[in-house]
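Numbering (this note's numbering), first residue to last: 11 to 370.
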Ligand SMILES: Cc1cc2nc3c(=O)[nH]c(=O)nc-3n(C[C@H](O)[C@H](O)[C@H](O)COP(=O)(O)O)c2cc1C
């Protein structure tokens with residue numbers, strides 16, 4: 011099924027951006043986990059629109075309701091239904107775009123594939139679909155932390171050409187990441203990124219960026235070679251997010267410029283087991299976690315919907331000038347930070363449960 015993800019911790023998302031609501035059904039959550047709506051709301055609040063002048067002004071509280079699977083604050087082991095109602099729909103903003111597919115958005119391909127599409131705001135290609143993933147992933151994060159002490163932290167490492175200084179993932183906190191609206195823990199770079207996003211927004215344009223993510227305390231042994239290798243599942247998870255254009259693990263593309271003699275991560279004794287001196291591998295060898303922090307990066311494009319007039323054609327091929335109304339993010343990376351974290355949690359918990367089955 012195209013809207014579900016995971017083998018043992020299975021998540022199906024539902025909903026369109028301007029419909030009644032969006033959400034997820036989580037099947038396979040372990041029973042007896044303490045869980046309430048506030049646990050899930052934390053990450054939804056970090057994802058929601060209108061958090062600062064750098065994001066879309068669409069006003070959505072994005073309050074989650076747990077519909078099923080939890081009683082007296084404990085999971086029952088049965089499917090958990092999660093619903094967030096849409097509030098600030100303005101389908102009128104999109105009327106002009108009914109006949110004009112937005113350049114570089116999904117309007118045209120949805121129309122070609124299904125022969126019909128949600129009448130406004132991109133339907134399921136809108137980033138509102140990610141609400142279901144974030145809600146489900148917040149549950150996965152809780153299980154991962156309580157059972158294994160796994161901590162997942164993402165941050166914005168570049169916006170356009172502005173790059174942050176190297177960030178040490180060890181000890182980095184979400185409070186530090188959230189210390190500025192652009193979610194970059196390098197304050198000097200954050201200031202330049204903020205200025206750039208404002209400049210782009212005022213020019214009715216958009217700009218892309220990169221999110222870095224570290225997963226700490228991941229035990230060795232997670233990942234299912236050969237097709238469900240850890241990095242393959244992470245890449246699938248990240249590239250299933252709207253507006254993503256690239257995924258790198260460890261040394262990534264830059265590693266191709268090194269020689270093996272510099273790129274190899276020598277083993278060293280770390281407590282009871284072996285660790286590595288460096289981490290060019292990004293915490294994965296042969297598709298299996300090696301006990302070092304997982305380190306990966308995700309590239310997001312400048313989003314398609316911009317207020318500047320663009321020359322394009324309507325569905326019949328007639329030339330038109332399109333200037334989007336709607337309310338849009340000039341740069342999505344600050345809001346995508348919790349989305350990357352929670353998608354990583356969905357991957358890790360599913361692989362953790364699969365390893366648990368293998369270990370009996
Ligand atoms: C947090 C977030 C917010 C987004 N907001 C917008 C937006 O305001 N306008 C827009 O055109 N695309 C936005 N997108 C991206 C589109 O949903 C995406 O580009 C579109 O579905 C086409 O898919 P593709 O870019 O993956 O090919 C957003 C993506 C994310 C992750």
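The C-beta atom is built at its ideal place from N, Cα and C for all residues, glycine as well.
- Of the other Cβ atoms in all chains shown, 16 or more fall within 10 Å of the Cβ of residue 16; this residue is therefore buried.
- Annotation for residue 140 indicates a beta carbon within 7 Å of some heavy atom of ligand 1.
- The Cβ atoms of residue 361 and residue 243 lie closer than 8 Å to each other.
- If you draw a straight line from the Cα of residue 94 to the Cα of residue 248, it is about 22 Å long.
- Proximity to residue 366 across 237, 18, 60 and 58 peaks at 18, based on C-alpha coordinates.
- Residue 282 sits away from residue 226, with the two beta carbons spaced by 8 Å or more.
- Rounded to the nearest whole angstrom, the CA to CA distance from residue 166 to residue 314 is 20 Å.
- Beyond the five residues adjoining it in sequence on each side, residue 259 comes within less than 6 Å, by CB distance, of 241, 292 and 306 in the same chain, given in chain order.
- At least one heavy atom of ligand 1 is found less than 7 Å from the C-beta of residue 115.
- The beta-bridge partner set that DSSP reports for residue 319 is empty.
- With a 10 Å radius around the Cβ and a threshold of 16 neighbouring Cβ atoms, residue 328 comes out exposed.
- Note on geometry: alpha-carbon atoms of residue 140 and residue 27 lie some 10 Å from one another.
- Residue pairing by DSSP puts residue 37 in a beta bridge opposite 20.
- DSSP places residue 12 in the coil class of the three-state scheme, outside both helix and strand.
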